[in-house]
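Asks: Just so you know, my numbering puts the end of the sequence shown at 1061, numbered straight through with nothing missing.
For each residue, glycine too, the CB sits at the ideal point set by N, CA and C.
Bear in mind the structure is a predicted one, so any value in this text is a computation, not a measurement.
Structure in structure tokens, see below.
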Amino acid sequence: VLYAYYTYQAGEEEYRNRLVYYDLENGNEETVVVDGIPAHRIIHNGARVAFGPRNYLWVTTGDSGEEAKGEEFAQDGGNLAGKILRLEPDGTAPSDNPGLDDPRVYTYGHRNPQAISWLPDATPIAAEHGPSGGGDEVNVLEAGGNYGWSEVRSGPGEYGSYADHDEVTPPVVNTGDETWAPPGGVFYTGDEVPALRNRFVLGGLISQRLNVVSVYEGSAPDIGGTRYDAEWLHPDYEAVVHTLMNNELGRIRHVEQGPDGELYAVTSNRDGRSAEPEEDSFPKGNDDRLVRIVAG
């Protein structure tokens, strides 16, 4: 079967997201797995779907632009927007989910998570878009955790500081004034690109590069790059970030590991959201592309 997540119009100016699967051996028949997830016509829909350890199905959902609507979907444990869901393949809730108002919810308080993967010990890790102008995050997911949006979003001395909210789980990475716009990514475990092994490799839409996140329990070693070790970040983890392929591919929509251990990226330069055209800018004549990333 093939799982898919799409946005549809449910009424006048009303949109919803739906998770389905298609039986490719039975006429591509569509079966609805989860329906009625609040949606925006264009933005903040999340929509990463992945199978993880123990064959659970994980789904990231955006807040559907709740600020513009005057809603607080992300903080409502009974609403499926602004969440990360953990499901059985048929869409029901596993018995060991954390027991929030909607039992399918694993974590809440997310703005627009678009990447999810797993550390070697099977701990889930996710990346999400912060508010306009920065504040993108990498989060280690803890069952039942509140990740703060839209009440908490930044560092000390700023509006919605994590330092002032002990009730929320702080991020491992918060990019501050820098914008990545992280879409899909993978914690790479293959052997074909040794320098990236055991690192969370993320695409970048606005940053137009690969953002490579090394995550460590406890203190991170001195390996260069940008360190994320401020006291207000997650107390149990530190991260170091390196960047690769700056402006070589344009908007990198997703990074994925193949079954053979190869690493692939797909671009998104014809989605109408690239920067104003300049000489040698994107999109180029051969966009969009699926590329294989190889060792240097």
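Count the other C-beta atoms from every protein chain shown that fall within 10 angstroms of the C-beta of Ser-919, then say buried if there are 16 or more, exposed otherwise.
Replies: By the 10 Å Cβ count, Ser-919 comes out buried.
Asks: Going by the CB atoms, is the gap between Gly-950 and Asn-877 shorter than 7 Å?
Replies: No; because the gap between Cβ atoms is not below 7 Å, this pair is not in contact.
Asks: If you run the structure through DSSP and keep just helix, strand and coil, what is Leu-865?
Replies: The answer is coil: DSSP assigns Leu-865 none of H, G, I, E or B.
Asks: Measuring straight from C-alpha to C-alpha, what distance separates Ile-890 and Val-938?
Replies: Straight-line Cα distance between these residues: approximately 11 Å.
Asks: Can you round the beta-carbon distance between Asn-844 and Pro-803 to whole angstroms, since I take them to be within the 8 Å contact cut?
Replies: The pair is a contact, with the Cβ atoms about 7 Å apart (cut-off 8 Å).
Asks: Along the chain, where does the beta strand (DSSP E) containing Leu-1028 start, and where does it finish?
Replies: Residues 1028 to 1032.
Asks: Taking the alpha carbon of Val-797 as the reference point, which residue from Pro-854, Phe-952 and His-1007 has its own alpha carbon closest?
Replies: Ranking the options by Cα distance to Val-797, first place goes to Pro-854.
Asks: Taking just the CA atoms, how far does Tyr-924 sit from Pro-936?
Replies: Distance between the alpha carbons of Pro-936 and Tyr-924: 16 Å.
Asks: How would you write the range of the beta strand (DSSP E) that Lys-848 sits in, first residue to last?
Replies: Unbroken beta strand (DSSP E) run through Lys-848: 848 to 852.
Asks: Output yes if chain C places a C-beta closer than 7 Å to the C-beta of Pro-803; else output no.
Replies: Absent from the structure: chain C. Only one protein chain is present.
Asks: Note the first and the last residue of the continuous beta strand (DSSP E) segment covering Gly-776.
Replies: Unbroken beta strand (DSSP E) run through Gly-776: 767 to 776.
Asks: Leaving out five residues on either side along the sequence, give the residues of the same chain with a beta carbon under 7 Å from the beta carbon of Leu-1009.
Replies: Arg-974, Leu-975 and Val-977.
Asks: Buried or exposed: which applies to Phe-816, given that a residue is buried once 16 or more other Cβ atoms fall within 10 Å of its Cβ?
Replies: Phe-816 should be labelled exposed.
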